[in-house]
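Notes follow once the structure below has been shown.
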Amino acid sequence: MTRRTERLNHLIQIEISDLLRKHINDPRLNGLISITAVEISKDLKNARVSISTLAGGAPDRDDVLKGFNSAAGYMRRELAHRLNIRVTPELSFEFDESIEHGVNLVNLIDKVAAEDYKSGADGLKRTAKRK
Numbered sequence: 095m096t097r098r099t100e101r102l103n104h105l106i107q108i109e110i111s112d113l114l115r116k117h118i119n120d121p122r123l124n125g126l127i128s129i130t131a132v133e134i135s136k137d138l139k140n141a142r143v144s145i146s147t148l149a150g151g152a153p154d155r156d157d158v159l160k161g162f163n164s165a166a167g168y169m170r171r172e173l174a175h176r177l178n179i180r181v182t183p184e185l186s187f188e189f190d191e192s193i194e195h196g197v198n199l200v201n202l203i204d205k206v207a208a209e210d211y212k213s214g215a216d217g218l219k220r221t222a223k224r225k
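Adding 94 to a residue's 1-based position in the sequence shown gives its number in our numbering.
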């Protein structure tokens, strides 16, 4: 990936986040939604936007994707006005699973650590009784 595409990815991410926060009033896009990454194609004609939400649940995700898809034309038009680029990319949206995956891993680690601590504490009590 070239430095130019990295900068463009970051700029598009910032602008879409700003549009989402200040200008898009779709109720499906309210709440804790974040733009986690943008990947623009080599020909700069398509951009894949990764989104994450803390709402969870399959119906919520479908509604959020429908909201983003319905706002894609507006976002693209606004990006064309805000960014000084020759071709404004078509936007496609997908969910970023990494945050949910990370939360699940932390929960599993906490569970194992709690069980290990509990069994370790019991083991200490048993060895103390033997002496």
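Here a beta-carbon is modelled for each residue, glycine too, at the ideal position from N, C-alpha and C.
Source: prediction; values computed, not measured.
Span separating the alpha-carbon of Ala-173 from that of Ser-164: It is Leu, not Ala, that sits at residue 173 in the sequence shown. C-alpha separation (whole angstroms): 15 Å.
Paired residues, beta bridge with Arg-142 - DSSP: Glu-133 and Ser-186
Endpoints, the alpha helix (DSSP H) within which Asp-112 is located: 97-116
Closest residue to Gly-125 among Leu-199, Gln-107, Glu-109 and Asp-154 (Cα-Cα distance): Asp-154
Distance between Asn-201 and Leu-102 (C-alpha atoms, nearest Å): 35 Å
Reduced DSSP category for Ile-127 - H, G, I as helix; E, B as strand; rest coil: strand
Beta-carbon proximity of Glu-100 to Arg-176, cut-off 8 Å: no
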